[in-house]
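First up is the structure itself, then whatever we jot down about it.
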Amino acid sequence: MTIETDVLIIGGGVAGSAMACNLTGKGYKVTLLEKSDKPQDTARGDHIQPYVCDILNQWGVLNSFFEAGAKKRSGSLWFDESGKFLMDANVSKLDIPQPFFMFINHEEISDVLINYAESDENFTLFRPIISCRHQETDDNKSLFKLVLKDKTTHTISTKLIVAADGIASNMAKQFEIEREAFRYDRALAVLFSNEYQADSENNLRTYLTDRGIVTMIPRAKGGCKIGLTIDRSEVKEWKKMGPDDHRKFIGSLVNQYKDLQMVSAGIYPPSMIMAKNWTKDNMVLIGDACHGLHPGRSQGMNTTIKCIDQLITLLPEPENITQKTVIKSLETYQAQMRNKINHLLHSNHQMGLSMDRFDKEQKLKEIHKYIELEKNQKKGVTYRMNSAGYGINH
């Protein structure tokens with residue numbers, strides 16, 4: 273059986289599902305393939321910037337997130353390790369359309385986006401699948417061989433290929449896209465606490481300590497996620513630690529949490545992935561397949577949605593979609609969006625390096641910075657606007 277589609281999306285994580293969501297109701301025939309039918313990792317990024325909330329509102333899907341249990345938070349509070357207040361990075365008073373961050377468990381983000389896409393009769397989802405391999409591309413189409421879990425095979429014919437298959441991207445390998453990788457020295461450790469009580473504005477609370485930041489990140493169903501960095505040499509020992517060991521460890525860094533019960537959620541050795549080219553002929557890489565970012569500031573998911581929003585405005589209309597028009601659109605997309613976010617990708621990398629080097633001296637510099645941002649209204653507003661996601665657009 274041959275399936276004719278305009279857009280083939282490979283990968284059903286946040287990037288792939290967001291692409292499908294934004295194509296909803298626009299007249300394209302869209303097919304999305306996802307290997308796994310298991311929930312995604314709940315410990316991964318779950319906070320969406322105000323700028324991206326406005327994008328989701330323009331797509332028509334923002335309210336669907338709140339119906340699924342998403343919550344709002346006003347911003348972030350910064351402290352030193354003793355709990356001394358440094359800065360309130362509140363975005364609720366900024367003159368922006370959606371003056372809040374939205375948060376919902378990571379595994380539910382793709383579900384909301386795909387559920388929205390399924391309202392379009394031109395959308396088809398295959399999940400789970402065994403494999404999808406590119407067979408050939410000519411002047412009119414690209415052909416893929418799809419093998420489903422029950423061993424049924426299909427041929428998919430498409431005009432546009434969207435590779436959203438993550439850091440390990442098989443599509444990048446199949447299309448011989450060269451990608452640079454950088455391995456950071458420190459790993460991101462994540463803990464969960466059901467006992468944690470967020471404040472009335474669901475603020476994220478970050479503490480500056482001699483060995484790095486400790487962040488208390490509210491979760492939509494209560495409690496919090498605790499994020500910190502540890503040396504890669506500590507990973508083996510960290511995995512052996514039990515809940516009481518983790519509680520004591522966090523308490524030694526931020527004393528006010530010495531009695532907070534918590535459990536380990538995972539350890540994530542971060543790497544940066546950068547594709548030298550985002551596109552090749554009628555194929556485009558999006559999300560982590562294109563630019564895998566350090567997770568320390570939850571910029572990956574937000575950057576991906578910004579890119580998708582730009583990409584779809586450049587696609588040819590459904591009645592004009594051909595190999596030739598797709599290739600031209602993708603060339604324009606790479607030239608425009610790469611230029612827009614290059615400094616964001618660079619600053620994310622510098623932040624990752626800074627987290628690797630964080631020590632007492634760096635802590636004191638950061639403390640001074642946040643005290644100054646709290647005092648200086650103009651600098652404080654600029655910081656809050658950047659935090660809200662407006663840095664690459666203004």
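Residue numbers (this note's numbering): 273 to 666. We put the beta carbon where it would ideally sit given N, CA and C, even for glycine.
How is residue i classed by DSSP in three states: helix, strand or coil?
{"i": "I449", "result": "coil"}
{"i": "H563", "result": "strand"}
{"i": "G523", "result": "helix"}
{"i": "D411", "result": "coil"}
{"i": "L587", "result": "coil"}
{"i": "Y479", "result": "strand"}
{"i": "P490", "result": "strand"}
{"i": "L625", "result": "helix"}
{"i": "K548", "result": "coil"}
{"i": "S668", "result": "Any question about residue 668 goes unanswered here, given that the chain covers just 273 to 666."}
{"i": "I577", "result": "helix"}
{"i": "L532", "result": "coil"}
{"i": "M555", "result": "strand"}
{"i": "R399", "result": "coil"}
{"i": "M374", "result": "strand"}
{"i": "Y540", "result": "strand"}
{"i": "T501", "result": "strand"}
{"i": "G484", "result": "strand"}
{"i": "H666", "result": "Annotation note: pLDDT 39 at H666 (below 50); position unreliable, no value reported."}
{"i": "A287", "result": "helix"}
{"i": "S429", "result": "strand"}
{"i": "T277", "result": "strand"}
{"i": "K423", "result": "coil"}
{"i": "S441", "result": "coil"}
{"i": "I593", "result": "coil"}
{"i": "A601", "result": "Here residue 601 turns out to be Ser, not Ala, going by the sequence shown. Note: S601 maps to helix in three-state DSSP."}
{"i": "S659", "result": "helix"}
{"i": "H465", "result": "Note that residue 465 corresponds to Ser in the displayed sequence, not to His. In this structure, S465 counts as strand in the three-state DSSP scheme."}
Report all residues from its chain with a CB closer than 7 Å to the CB of residue i; omit the five preceding and five following residues, and keep chain order.
{"i": "R455", "result": "S543"}
{"i": "G624", "result": "Y456, P542, M544, H566, G568"}
{"i": "S465", "result": "G495, C496, I498, L532, Q533, M534"}
{"i": "K635", "result": "L480, T481, D482"}
{"i": "D553", "result": "T409, I599"}
{"i": "P588", "result": "T597, V598, S601"}
In chain order, what residues of the same chain have a beta carbon less than 6 Å from the beta carbon of residue i, not counting five sequence neighbours either side?
{"i": "F395", "result": "V302, A389"}
{"i": "L675", "result": "In the structure as shown, the chain starts at 273 and stops at 666, and residue 675 therefore has no counterpart that could be examined."}
{"i": "L328", "result": "L334"}
{"i": "I386", "result": "S289"}
{"i": "H319", "result": "F373, F375, S570"}
{"i": "G299", "result": "P590"}
{"i": "M443", "result": "I282, A435, D437"}
{"i": "M573", "result": "V286, G317"}
{"i": "N665", "result": "Reliability fails at N665, whose pLDDT of 46 lies under 50, so the model's placement of it is uncertain and the value that follows must be treated cautiously. Taken in chain order, the list of residues that qualify is empty."}
{"i": "K548", "result": "E450"}
If the criterion is Cβ atoms closer than 8 Å, does the pair residue i and residue j meet it?
{"i": "R610", "j": "W550", "result": "yes"}
{"i": "V324", "j": "K578", "result": "yes"}
{"i": "V526", "j": "V486", "result": "yes"}
{"i": "L415", "j": "F398", "result": "no"}
{"i": "G484", "j": "F630", "result": "yes"}
{"i": "A453", "j": "G559", "result": "no"}
{"i": "P322", "j": "Q370", "result": "yes"}
{"i": "N475", "j": "G347", "result": "yes"}
{"i": "D503", "j": "R458", "result": "yes"}
{"i": "K651", "j": "E644", "result": "yes"}
{"i": "G284", "j": "L304", "result": "yes"}
{"i": "T314", "j": "H378", "result": "yes"}
{"i": "L358", "j": "A660", "result": "no"}
{"i": "S391", "j": "T296", "result": "yes"}
To the nearest whole angstrom, what separates the beta carbons of residue i and residue j, a pair I think is in contact under 8 Å?
{"i": "N614", "j": "Q571", "result": "Actually they are not in contact, since the Cβ atoms of N614 and Q571 sit about 14 Å apart, beyond 8 Å."}
{"i": "L616", "j": "T575", "result": "6 Å"}
{"i": "A361", "j": "Y655", "result": "6 Å"}
{"i": "T424", "j": "K413", "result": "About 21 Å separates the two Cβ atoms, so there is no contact after all."}
Residues in the same chain with beta-carbon distance under 8 Å from residue i, minus the five sequence neighbours each way, listed in chain order, please.
{"i": "M513", "result": "F521, S536"}
Continuous beta strand (DSSP E) assignments of at least 3 residues falling wholly in the region 292-371: The region 292-371 contains these whole beta strand (DSSP E) runs: 302-305, 343-345, 347-352, 357-362.
Whole runs of the beta strand (DSSP E) within the region 608-655, excluding any shorter than 3 residues: Correct list: empty.
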